[in-house]
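In this note's numbering, the protein residues as written are 11 to 234.
Okay, so here's the structure we're looking at.
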Ligand SMILES: [Zn+2]
């Protein structure tokens, strides 16, 4: 089942601003994860206060049919720092999902894993009616966090997508293969020789990497 995803704050009622802008980056992450998973996307272009935004977003989430509710945020510490701080995932009751998400983002982004934190008083977590998590991707005023986030944006979004939309067993296996360079080359060569990848592969207009990217995209965008 799909998830429903929103970004924290609004253009008017801004979130944290440091080396990057929380609201802008949260929207980028939300949109990329929606692109990868086909999740429901909640956008608030309407409200002007933090309270109205929360009510609007939660109502929009609760109108959808979904497995999980996900809110994307970025964290802030009191001062700008060069040291890395990391990712954390807040949850109402689904600790396992929050822990898995934090670890996945940490691995993909090279960010310190601050783990799962229960925050039952937060409006979004409290009032959404499906298991909900609030992802604090990294700290907007940690130079190291921001650098790693920027470098690994695509990988971080893919990691979030994989946790929200786990692959079937066979595809997990294919993904492991995709990550193994030697196995991948052998498979693509054998497949090409056998004619399995005609016509696109035999034109040789794609590199191995592009071919594998294409296969991954095909997974995330299956034809109806
Ligand atoms: Zn926030």
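Quick reminder that beta carbons are idealized off the backbone N, C-alpha and C, glycines included.
The model shown is predicted, which means the values in this text are computed figures rather than measured ones.
If only complete runs of 4 or more residues are kept, the region 91-125 shows the alpha helix (DSSP H) at 105-119, in order along the chain. Residue 171 places its beta carbon less than 8 Å from that of residue 47. Rounded to whole angstroms, residue 122 and residue 108 show a C-alpha spacing of 15 Å. Contact check for residue 126 and residue 112: beta-carbon distance about 6 Å, within the 8 Å limit, so the pair qualifies.
The beta carbon of residue 95 sits closer than 6 Å to those of 149, 152, 155, all from its chain and outside the five residues before and after it, given in chain order. Boundaries of the alpha helix (DSSP H) around residue 46: 32-47.
The set of residues with a C-beta under 5 Å from any non-hydrogen atom of ligand 1 comprises 18, 25, 83, given in chain order. Straight-line spacing of the CA atoms in residue 101 and residue 139 works out to 13 Å. Taking 8 Å as the cut-off, the beta carbon of residue 166 is found closer than this to the beta carbon of residue 118.
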